[in-house]
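Working notes, beginning with the structure itself.
Structure (structure tokens):
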């Protein structure tokens with residue numbers, strides 16, 4: 004770029020595409036603001052800031068072209084506008100470009116704006132050698148999701164080079180790829196990787212926002228997860244991670260936060276959207292435009308009812324698919340995105356987004372905020388009913404066999420009426436938000452004291468059981484119960500219709516010491532402890548996933564009906580311990596914790612595994628339970644409570660199930 008002088012003027016440029024784009028000869032800048040009266044482009048050269056007015060406004064988009072500018076240029080905006088309710092223009096503020104693909108510098112909550120405490124937007128070059136990268140395109144029915152935190156996954160992994168631990172590169176290191184392949188997962192679901200901020204309250208308490216649900220930029224990847232920063236190395240490292248994961252057959256799904264931003268409530272910082280066009284970007288309260296609607300619980304709510312804000316979200320999603328090659332998204336508080344907006348319709352008709360995996364967290368804190376089952380074809384949803392019923396069935400006894408049967412069959416009463424398949428439901432036992440699997444069977448109450456809120460934060464309704472002693476125990480009876488229940492819960496997850504999601508680290512037996520809201524714990528409480536990993540539980544999880552992959556009747560694309568097909572086969576028969584099909588009265592009579600079901604071949608007379616009948620037997624009671632088997636000889640494939648859980652044993656007539664266990668058997 005040539006020297007900028009007081010006589011330098013921007014050319015008019017174009018109002019599209021939004022953001023800063025290098026064309027090989029210069030950079031075009033464009034910024035949407037419906038209510039601005041003037042916009043200045045601020046160019047950073049060392050410690051000098053050059054301000055150049057954007058010369059043209061076309062359809063509420065301010066734009067200009069700087070000849071000779073190139074990638075690496077850092078910039079921001081000053082935006083001038085009216086001082087009236089709903090507007091928060093402050094031309095003294097250096098504002099980030101909402102479309103910036105890389106940010107530099109750090110942010111400070113110092114109330115006095117300055118060059119030093121303001122992050123900058125950076126012009127990027129999108130060139131990258133993707134080689135022969137191709138999306139794995141794993142069918143939904145074959146998918147096994149693995150929710151993981153980029154930093155926490157490898158921060159303590161001895162097999163990852165120290166310089167790469169906690170980074171994008173570390174997640175795609177040979178040691179992690181080996182674990183993913185051994186486990187059999189098909190997709191990593193990464194906690195937020197959009198550039199985010201730590202809240203002031205956390206910093207004041209010596210904490211940080213570990214999870215990252217506080218987005219500052221919807222295009223820029225978070226630099227703290229990169230081994231190197233500067234010179235577009237963060238973007239390149241993220242892309243290299245995706246390329247390596249794809250080469251291993253693993254999809255990359257991003258947890259994204261488009262419901263709110265890091266500018267928080269009316270007392271929060273002005274960093275970007277608020278100072279550019281507050282009343283367009285945010286939903287304001289109808290009775291007082293000085294305040295924000297807060298459907299997220301984080302202080303503000305993005306206004307996707309505005310076409311330019313909807314465009315921002317759509318452009319961001321397309322960028323991460325087209326330029327970063329990700330394979331899908333899990334939308335945090337997705338109900339917010341659908342309220343009074345055309346978001347779902349826009350996604351459905353979009354040729355880029357219509358082909359990828361879209362997962363909704365189908366609720367928020369707004370009015371009528373629980374939307375489970377309401378998303379359209381093409382979407383899957385976190386199925387919290389599966390989580391809650393499964394926990395209540397195994398851990399508290401508060402869930403009856405009939406409710407558990409509905410979850411095992413894919414929750415058809417929730418999802419089928421929108422014309423979707425069982426894969427519309429993403430089943431999970433635990434996720435980042437809540438207890439880990441081990442803590443679920445070790446703690447009755449949450450223990451969040453380290454979060455600095457006197458244990459007031461976090462959900463109190465955990466549906467957990469400590470198995471007789473709170474926390475750490477050396478009682479062999481307590482330890483055996485915990486051992487059996489962890490396996491039973493995992494087995495339930497992988498024999499259920501729908502898409503299973505495993506929380507990363509549950510297969511290691513990791514604990515957060517009873518903290519069920521560890522969003523601010525960036526330390527060894529949340530980092531995966533590979534040194535003390537439960538290798539038997541890893542092996543158990545991997546073999547369960549392998550069984551699921553082997554038998555297509557565990558991952559059907561059609562709803563189970565219980566009706567006979569033209570071969571006289573019924574896809575499912577619910578089985579009573581007494582050796583007969585369950586009738587209506589059996590669902591409400593003892594034994595209340597025993598349940599079985601027979602799954603006929605999904606594809607008759609196909610491959611060997613497909614032509615086998617499966618029998619799943621469940622005993623959640625504290626005593627042994629005898630099941631009388633359907634006629635013929637049955638091969639035991641898995642006994643969750645056995646010392647050798649995958650030993651092959653033949654059974655005929657009857658079989659005994661240990662307390663709190665599941666068995667999976669097959670028959671030719």
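Residue numbers (our numbering): 4 to 671. Cβ coordinates follow ideal geometry from the N, Cα and C atoms, glycine included.
Residue i burial status per 10 Å Cβ neighbour count (16 or more: buried)
{"i": "residue 252", "result": "exposed"}
{"i": "residue 394", "result": "buried"}
{"i": "residue 270", "result": "exposed"}
{"i": "residue 304", "result": "buried"}
{"i": "residue 363", "result": "buried"}
{"i": "residue 642", "result": "buried"}
{"i": "residue 531", "result": "buried"}
{"i": "residue 538", "result": "exposed"}
{"i": "residue 635", "result": "exposed"}
{"i": "residue 529", "result": "buried"}
{"i": "residue 414", "result": "buried"}
{"i": "residue 609", "result": "With a pLDDT of 42 at residue 609, under the threshold of 50, the modelled position of that residue is not reliable, and no figure is offered here."}
{"i": "residue 676", "result": "Only positions 4 to 671 of the chain appear in this structure, which leaves residue 676 out of reach."}
{"i": "residue 421", "result": "exposed"}
{"i": "residue 125", "result": "buried"}
{"i": "residue 514", "result": "buried"}
Identity of the residue in the options nearest residue i by Cα
{"i": "residue 484", "options": "443, 199, 566", "result": "443"}
{"i": "residue 37", "options": "181, 310, 109", "result": "310"}
{"i": "residue 502", "options": "126, 91, 29, 431", "result": "431"}
{"i": "residue 604", "options": "557, 267, 635", "result": "557"}
{"i": "residue 250", "options": "285, 306, 360, 137", "result": "137"}
{"i": "residue 42", "options": "51, 61, 49, 172", "result": "61"}
{"i": "residue 410", "options": "422, 421, 426", "result": "426"}
{"i": "residue 230", "options": "173, 130, 549", "result": "173"}
{"i": "residue 217", "options": "233, 260, 209", "result": "260"}
{"i": "residue 357", "options": "578, 380, 624", "result": "380"}
{"i": "residue 493", "options": "46, 248, 546", "result": "546"}
{"i": "residue 78", "options": "275, 348, 417", "result": "275"}
{"i": "residue 76", "options": "56, 105, 63", "result": "105"}
{"i": "residue 150", "options": "74, 189, 139, 87", "result": "189"}
{"i": "residue 399", "options": "131, 596, 90, 155", "result": "596"}
CA-to-CA distance, residue j to residue i, given in whole angstroms
{"i": "residue 452", "j": "residue 25", "result": "49 Å"}
{"i": "residue 301", "j": "residue 215", "result": "12 Å"}
{"i": "residue 85", "j": "residue 50", "result": "30 Å"}
{"i": "residue 404", "j": "residue 465", "result": "20 Å"}
{"i": "residue 70", "j": "residue 81", "result": "20 Å"}
{"i": "residue 114", "j": "residue 206", "result": "15 Å"}
{"i": "residue 168", "j": "residue 183", "result": "16 Å"}
{"i": "residue 295", "j": "residue 44", "result": "28 Å"}
{"i": "residue 647", "j": "residue 314", "result": "55 Å"}
{"i": "residue 536", "j": "residue 574", "result": "39 Å"}
{"i": "residue 407", "j": "residue 118", "result": "58 Å"}
{"i": "residue 668", "j": "residue 109", "result": "57 Å"}
{"i": "residue 512", "j": "residue 160", "result": "15 Å"}
{"i": "residue 267", "j": "residue 454", "result": "20 Å"}
{"i": "residue 488", "j": "residue 298", "result": "36 Å"}
8 Å contact criterion, which residue i and residue j should meet: CB distance rounded
{"i": "residue 96", "j": "residue 273", "result": "5 Å"}
{"i": "residue 696", "j": "residue 39", "result": "Because the chain is modelled from 4 through 671, residue 696 falls outside the range shown and cannot be assessed."}
{"i": "residue 175", "j": "residue 162", "result": "No, residue 175 and residue 162 are not in contact; Cβ-Cβ is about 13 Å, not under 8 Å."}
{"i": "residue 633", "j": "residue 601", "result": "6 Å"}
{"i": "residue 660", "j": "residue 622", "result": "4 Å"}
{"i": "residue 580", "j": "residue 639", "result": "Not really, about 16 Å apart at Cβ, beyond 8 Å."}
Close Cβ partners of residue i (< 6 Å) along its chain, the five nearest in sequence each way excluded
{"i": "residue 372", "result": "338, 366"}
{"i": "residue 323", "result": "329"}
{"i": "residue 203", "result": "112"}
{"i": "residue 59", "result": "15, 66"}
{"i": "residue 226", "result": "232, 237"}
{"i": "residue 31", "result": "16, 17, 24, 68"}
{"i": "residue 461", "result": "449, 451, 519, 520"}
{"i": "residue 158", "result": "168, 169, 530"}
{"i": "residue 186", "result": "545"}
{"i": "residue 248", "result": "175, 255"}
Close beta carbons around residue i, own chain, < 7 Å, minus the five adjacent residues each side
{"i": "residue 258", "result": "192, 193, 194, 195, 333, 335"}
{"i": "residue 491", "result": "397, 643, 663, 664, 665"}
{"i": "residue 433", "result": "439, 440, 443, 506, 509"}
{"i": "residue 144", "result": "426, 558, 560"}
{"i": "residue 171", "result": "153, 228, 229, 240, 241, 244"}
{"i": "residue 93", "result": "273, 278"}
{"i": "residue 135", "result": "none"}
{"i": "residue 611", "result": "For residue 611, the predicted model reports a pLDDT of 45, less than 50, meaning its position is unreliable; a value from the coordinates is still stated below. Taken in chain order, the list of residues that qualify is empty."}
{"i": "residue 598", "result": "404, 407, 408, 621"}
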